[in-house]
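Those protein sequences? They're chains A and B, same order as listed.
If you're matching positions, the first sequence starts at 57 in this note's numbering and goes up one per residue.
If you're matching positions, the second sequence starts at 57 in this note's numbering and goes up one per residue.
Even for Gly, the Cβ is constructed at its ideal location relative to N, Cα and C.
A quick write-up on the structure given underneath.
Protein chains: 2
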Amino acid sequence: MNAEIITIGDELLIGQVVDTNSAWMAEQLNLIGIRVVQITSISDQRKHILTTLKEASSRADIILISGGLGPTRDDITKTTLCEYFNTKPVFNQDAYENIVRLFGSRGFVITPLNCAQAEVPESCTPLLNVNGTAPGMWFEKDGIIYVSMPGVPFEMKGLMTTHVLPRLSKLSSTGIVHRTILTQGVGESFLAAKIEDWETALPDYIKLAYLPQPGIVRLRLTASGPDRTLLEKEINERVTKLYGLIPEYIFGEGDETLEMVVSKLLKAHGFTLATAESCTGGYIAHLITSIPGSSAFFKGSVVAYANEIKEHLLGVTPDTLARYGAVSQETVFEMAAGIIRHLKVDCAVAVSGIAGPDGGTPDKQVGTTWISVLSPKGAETKMFTFGEHRGRNIRRAALAALDMLRKQLSI
Amino acid sequence: MNAEIITIGDELLIGQVVDTNSAWMAEQLNLIGIRVVQITSISDQRKHILTTLKEASSRADIILISGGLGPTRDDITKTTLCEYFNTKPVFNQDAYENIVRLFGSRGFVITPLNCAQAEVPESCTPLLNVNGTAPGMWFEKDGIIYVSMPGVPFEMKGLMTTHVLPRLSKLSSTGIVHRTILTQGVGESFLAAKIEDWETALPDYIKLAYLPQPGIVRLRLTASGPDRTLLEKEINERVTKLYGLIPEYIFGEGDETLEMVVSKLLKAHGFTLATAESCTGGYIAHLITSIPGSSAFFKGSVVAYANEIKEHLLGVTPDTLARYGAVSQETVFEMAAGIIRHLKVDCAVAVSGIAGPDGGTPDKQVGTTWISVLSPKGAETKMFTFGEHRGRNIRRAALAALDMLRKQLSI
């Protein structure tokens, strides 16, 4: 089955908003075995909407439309859909009660403009949108499915998850099984070389996609076939082999982040953590504290940008700083030891490096970064050589530090 | 003039990549007075590319194409363009020399596959792409301009900035002048009410757009008309009036960030800064240290997540914590005073709040945040009530703290 996605509204065409909706919808459709052949963004113009629907219907079995369902006069999607499907708007009691509920809970008065949101085209199946006033609308015509949804991301996602995807996945006879393995600290091409034989041995019905992000490569396996149980068994066996091949690089699966994995390990061990950060400037602390409930194990951090802070708050000796410099094995180890002593924690992560663009020397180029990780399970101090881009160096140093801690706590 | 944007490649259709290129291109085109009527993403299929080009040519005067110019066999854009324009690929010396230069600097050997990148359709004007091997291609046919560029964002942006936008802006007879004013700490609707009369008085040829982001609203003024000098004069006068109306909310213009503005002020005064962060968990330090050269004025930070860190490293008294709690005027002031004392800096920013989702009480709901800012120019401690979303609360608290410092240093 082929699908097309149409987004309606000026925000995308003037570049005010990046279209994240379409990527999310496309990913969800692909996950249930539906191929997306085109994504189109158009403005709120009757004629353009009609032409686009007609063109899409010549290529796709499923057409998902988002946007243009607001209560104001410039939102003309509903009227235009009535024209396209040769039907008329009728009052819908469920949609009205949903609006009353939403407005009541916010203490607002319902205006005639809001009331009009409860009208839906007679020929569609309305889909309840608990997150907003505009209901989703499911049409079928000449064997093609059309679904219209609001453009507000969490309203669209709510409708997709609750109504649209479950209905669409029933239509597909093919079973689809996915599994995403997350790796850190290894480039895409190096990883590909490492698992080349394993990848070549994959059967035709299992596809592998490399999905790189700065510092992280996700490996997504997708199996399709009539027998779901068999697919799951097959994928599990392949993944087990993969874990055997590159155990040192895999930190998690699916939607996990490295900071989530580290947080779980700390909780499981009952360990507390603090960070001593120079070049990462508080970014590791920020990643950890972005996780709800992190105050249970994260005690705090000293961001020691200036050398005197390394001395006064972390107890790095002036002699060490003078002899080896701020970016050195000796200094970063003393930073880690110091934060454990001063903040009375079980585990410490310390980072000192040259994030750039300035500060590099012939001996220590921009990107040179020392990381020290201490915990009741071990102690390790390592040097990394990242690149020239400040933002990416900060991100990669933080991920490398978290991954060192993860490995130490996983033993 | 109307434009369409076509992106070619499977990454967008499987949802692997969010299409940020199109939003950027659309914004740039709008900035030079060219309206974008449609954005279309399609896969690397000959027939689909040909149909899409034909459909676009019926609506637009300018068609910008990105993607599908890689050296591998699945990239068929160039071949398909040759077919569409009824021309053939020919060797281009400039493109070849560019490839030799790029490969030489990286120490790579040029393969036949790379050599093929130096071939361009005979009927096009090649555009030099200094960032990659695939040249841009400018075609004109039946009064319509087609430009094909690689999909790699920095290659596309390089070609747009150096070649495409300067050429296109010469074609437009209308002068366009933009100015973007940045505000912090005020919601869109409240802001609109504040400047209602000013907005109503804007002439027809000056448009105002509200561009909201979490914590920040950008106001973009766009004037269009034949006389650029007159437009600039008119916009300057309107903006001067706007500064008079809402001086407390405006922190900068254009692409500035709040941390950039604060950094400039600190440098101008020759002041040093440190932060004492509880609920923001190092995020303010991260924002500041993301700026190149921030080590000149930023000394460090104490992220005091646990109360004992507030006592031991910041000198908050146990009595204050016991009597008023960690999220209080008294505690946050002592945090700010403590960081100034311990880190020997001129300016301090301290934040303590309940980021959520847990930790709220009937007295102090999730979102309650105290911020204290001390500097040689003043002292201020304030309470804010943000929302329920952890990530947004952290972001809004950091921006509010930076803005308090900005105001203090601007007096």
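- Rounded to the nearest whole angstrom, the C-alpha separation of G447/B and L343/A is 11 Å.
- Following the DSSP letters along the chain, one finds T133/A inside the alpha helix (DSSP H) bounded by residues T133 to Y140.
- With respect to the 8 Å criterion, C403/A and L461/A are classified as neighbours on the basis of their beta carbons.
- For E312/A, no chain B residue has a Cβ inside 9 Å of its Cβ, as the nearest lies near 17 Å away.
- With respect to V388/B, S428/B sits close: the two C-beta atoms are nearer than 8 Å.
- Using a Cβ-Cβ cut-off of 8 Å, P348/B counts as an interface residue toward chain A, since at least one Cβ of chain A sits closer than that to its own.
- Counting along the chain, no beta strand (DSSP E) covers A172/B, and no H or E run does either.
- For Y361/A, the secondary structure class from DSSP, reduced to helix, strand or coil, is coil.
- Proximity of chain B to E444/A at the Cβ level (cut-off 9 Å) is not reached, the minimal Cβ distance being about 12 Å.
- The region 266-322 of chain A contains, as complete alpha helix (DSSP H) runs of 4+ residues, the segments 284-301 (chain order).
- In this structure, the straight-line span from the alpha carbon of S357/B to that of F307/A is close to 30 Å.
- If you draw a 10 Å sphere on the C-beta of S466/B, you find fewer than 16 other C-beta atoms in it, and that means exposed.
- Secondary structure note for M81/B: its alpha helix (DSSP H) is the uninterrupted segment T76 to L87.
- With at least 16 other beta carbons inside 10 angstroms of its own, K463/B counts as buried.
- In terms of Cα proximity to A435/B, the closest of V405/B, F159/B and C335/B is V405/B.
- Per DSSP, N449/B lies in no beta strand (DSSP E); the unbroken alpha helix (DSSP H) holding it starts and ends at R446 to S466.
- Under the 8 Å criterion on CB atoms, L68/A is classed as interfacial with respect to chain B.
- At least 8 Å separates the beta-carbon of S204/A from that of Q94/B.
- Looking at R235/A, A341/A and N86/A, the one whose alpha-carbon comes closest to that of N292/A is R235/A.
- Distance from the CA atom of T336/A to the CA atom of Y339/B, rounded to whole angstroms, is 11 Å.
- Under the DSSP definition of a beta bridge, I119/A partners with E60/A and Y202/A.
- The Cβ-Cβ distance between N148/A and A172/A does not fall below 8 Å.
- C-alpha of D375/A to C-alpha of V359/A: approximately 20 Å in a straight line.
- N170/B is the residue among K144/B, N154/B, N170/B and Y140/B whose C-alpha sits nearest the C-alpha of T128/B.
- The beta-carbon of N86/A is placed less than 8 Å from the nearest beta-carbon of chain B.
- Among the residues facing chain A, V358/B is included, as its CB has a counterpart in that chain under 8 Å away.
- Using a Cβ-Cβ cut-off of 8 Å, I98/A counts as an interface residue toward chain B, since at least one Cβ of chain B sits closer than that to its own.
- For the region 400-425 of chain B, the full-length beta strand (DSSP E) segments reaching 3 residues or more read 403-409 along the chain.
- DSSP places M212/B inside the alpha helix (DSSP H), whose first and last residues are P209 to L215.
- Identification of chain B residues near E111/A by a Cβ-Cβ cut-off of 8 Å yields E111, ordered along the chain.
- In the structure shown, R235/B falls within a strand segment according to DSSP collapsed to helix, strand and coil.
- P177/B sits buried, since 16 or more C-beta atoms from the chains shown fall within 10 Å of its C-beta.
- Under the three-pair Cβ rule at 8 Å, the region 224-240 of chain B counts as touching the region 269-281 of chain B.
- Counting C-beta pairs with one atom in each stretch, the region 65-80 of chain B and the region 101-109 of chain B have fewer than three that are closer than 8 Å, which means they do not touch.
- Fewer than three Cβ pairs drawn from the region 366-375 of chain B and the region 297-305 of chain B lie within less than 8 Å of each other, which leaves the two stretches out of contact.
- V146/B is bridged by DSSP to V176/B.
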